[in-house]
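With my numbering, you'll find the sequence shown wraps up at 183, consecutive numbering, no jumps. Positions of the beta carbon are idealized from the N, C-alpha and C atoms, including for glycine. Just so we're clear, the structure is a prediction, and the values are computed from it rather than from any experiment.
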Amino acid sequence: MNVETLEDLFGLQLQHAYYAERTHVELLSEMADAAPTDDLREVLADHRAETDAQIDRLEDVFAALGRHPRASRTRSIDGLVESWHEHRSGTDGDPAVPSALEIALTGERLEIRAYESLLTLAGRLAYADDVVEPLETTLAEERAAVEALEEVETEESILKTLAIEEG
């Protein structure tokens, strides 16, 4: 796709967001099933359900623009999937391989940035509420998911510290 206008850029970024969400929904399912703690499993499973609704909202945005939903691959999302496969292949303890929690946080932060960019472009293009509101709703959900994951991260950090002090 040639990017010559802001509309083209918005369309491409929308396709990337669609790819990210569709890929992320599968990744969240795998990660929830393999989560090492109940808290992480719950956060991932809850956000997986939200992600289904986010995909539907993106499809609504495509429709509002008169386009068919189309996913466009992104290396950053493919890299997350690769990191997850490395993690699952039994490389626990290898500091170069991120944990499931780190992978989940990275994915959510990438999605937040994508939605912030889409909203900036939508504002510059003066898109109507049928484009802007679904993106704002999804951005709020992504931010809430990061907060929930960060709470799990803090709890895990405290538990590790206590275990070290006791051990």
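So, using beta-carbon positions, are residue i and residue j closer together than 7 Å?
i           : j           : result
residue 67  : residue 40  : yes
residue 60  : residue 47  : yes
residue 119 : residue 96  : yes
residue 4   : residue 63  : Because the chain in this structure spans residues 17 to 183, residue 4 falls outside the shown range and cannot be described.
residue 137 : residue 26  : yes
residue 80  : residue 147 : yes
residue 153 : residue 131 : no
Which of the three DSSP states, helix, strand or coil, is assigned to residue i?
i           : result
residue 52  : coil
residue 167 : helix
residue 173 : helix
residue 61  : helix
residue 151 : helix
residue 98  : helix
residue 27  : helix
residue 39  : helix
residue 88  : coil
residue 83  : coil
Over what stretch of residues does the alpha helix (DSSP H) that includes residue i continue unbroken?
i           : result
residue 130 : 116-140
In terms of alpha-carbon separation, which member of the options lies closest to residue i?
i           : options              : result
residue 53  : 147, 114 and 168     : 168
residue 126 : 91, 142 and 137      : 91
residue 70  : 56, 36 and 170       : 36
residue 99  : 154, 130, 86 and 114 : 114
residue 103 : 170, 20, 177 and 51  : 51
From residue i to residue j, what does the alpha carbon distance come to, in whole angstroms?
i           : j           : result
residue 106 : residue 78  : 40 Å
residue 23  : residue 82  : 12 Å
residue 172 : residue 166 : 10 Å
Is the shortest distance between the beta-carbon of residue i and the beta-carbons of chain B less than 7 Å?
i           : result
residue 179 : Annotation note: the requested chain B is absent from the structure, which comprises a single protein chain.
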